[in-house]
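In numbering that gives the first Met the number 0, the protein residues as written are 0 to 163. All residues carry an ideal CB built from backbone N, CA and C; glycine is no exception. Please read these numbers as outputs of a predicted model, since none were measured by experiment. The structure appears below as structure tokens.
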Amino acid sequence: MTPDDYDQLFSESHDRPAFSNGTEGYGWMAANCDRCIHDKPARENDDARGCPLVLITLVGRTPRQFIDGPRDEQGRYGIATQHVCTEFRGEDDPDPNPQPVPTGPGQGELLPRQPYEGVRMLMPLSPEDRAAVDFRESVEAGLTEDFSAFSRRMDAANTTARRA
Ligand code: SF4
0 MTPDDYDQLF SESHDRPAFS NGTEGYGWMA ANCDRCIHDK PARENDDARG CPLVLITLVG
60 RTPRQFIDGP RDEQGRYGIA TQHVCTEFRG EDDPDPNPQP VPTGPGQGEL LPRQPYEGVR
120 MLMPLSPEDR AAVDFRESVE AGLTEDFSAF SRRMDAANTT ARRA
């Protein structure tokens, strides 16, 4: 990930703020970005080469690379851990690039692992993706209306449910 990836990262991000207020945002960044290799240039006064994900949060969106951190049973979270950034790399790490888990001692390898390794992120569906899945399942179950009509009906049902 580099600052040149900003447009792509922006287009993938969620259209909702990452933080409830400035205290949460700056607290999270102090705990994470202030020791991350990706924002090191900004700490050295080269903001243009700083982390593009920070910029995305500053314009009121949530990067797709932020996944929810731990919550207690009441849904409460810590400021430093409310998100886990999958792109975080400690600036003091000897090699900040992600490395594959080493093959365990005595474990055989039939094939070289490297071409088959990658990052897999399991995330909750966005409301838009959820609606698309619901629509597909409804069509399979016999629904005949189009997606626009289906979406309007679901929005109306959700609004009614929220008012109840
Ligand atoms: S990669 Fe994540 S943790 Fe690192 S500076 Fe960017 S937003 Fe912060």
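Asked: Since D38 and G49 should fall inside the 8 Å C-beta cutoff, what is the C-beta to C-beta distance between them, to a whole number of angstroms?; Found: 5 Å
Asked: I want to check one thing, is the minimum distance from the CB of V138 to the heavy atoms of the ligand SF4 below 7 Å?; Found: no
Asked: Any chance the segment 57-66 sits against the segment 78-91, with 3 or more Cβ pairs inside 8 Å?; Found: yes
Asked: For F146, which option in R88, A131, A155, T61 has the closest C-alpha, if you only look at C-alpha atoms?; Found: A131
Asked: Give a yes or no on whether 8 Å exceeds the smallest Cβ distance from R48 to chain D.; Found: Here there is only one protein chain, and chain D is not present.
Asked: Given 8 Å as the limit, is there contact between the segment 54-62 and the segment 7-17, that is, 3 or more CB pairs closer than that?; Found: yes
Asked: Could you tell me the alpha carbon to alpha carbon distance between N74 and G105, rounded to whole angstroms?; Found: It is worth fixing the name first, because residue 74 is Gly in this sequence and not Asn. Roughly 43 Å between the two C-alpha positions.
Asked: Under the assumption that A47 contacts P2 (Cβ atoms under 8 Å), give the Cβ distance between them as a whole number of angstroms.; Found: 7 Å
Asked: With 16 as the cutoff for other CB atoms within 10 Å, does A167 come out buried or exposed?; Found: This structure does not reach residue 167, given that the chain is present from 0 up to 163, and the question cannot be answered.
Asked: Taking the straight line between their C-alpha atoms, what separation do you get for H13 and V53?; Found: 14 Å
Asked: Can you have a look at A17 and say buried or exposed, based on whether 16 or more other CB atoms are within 10 angstroms of its CB?; Found: buried
Asked: What distance in whole Å lies between the Cβ atoms of E86 and M0, which are believed to be in contact at a cut-off of 8 Å?; Found: 5 Å
Asked: Here's the rule I'm using: 16 or more other beta-carbon atoms within 10 Å means buried, otherwise exposed. How should T22 be labelled?; Found: exposed
Asked: Considering only heavy atoms of the ligand SF4, list every residue whose Cβ is less than 6 Å from one of them, following chain order.; Found: N31, C32, C35, H37, D38, C50, L52, V53, C84, E86, F87
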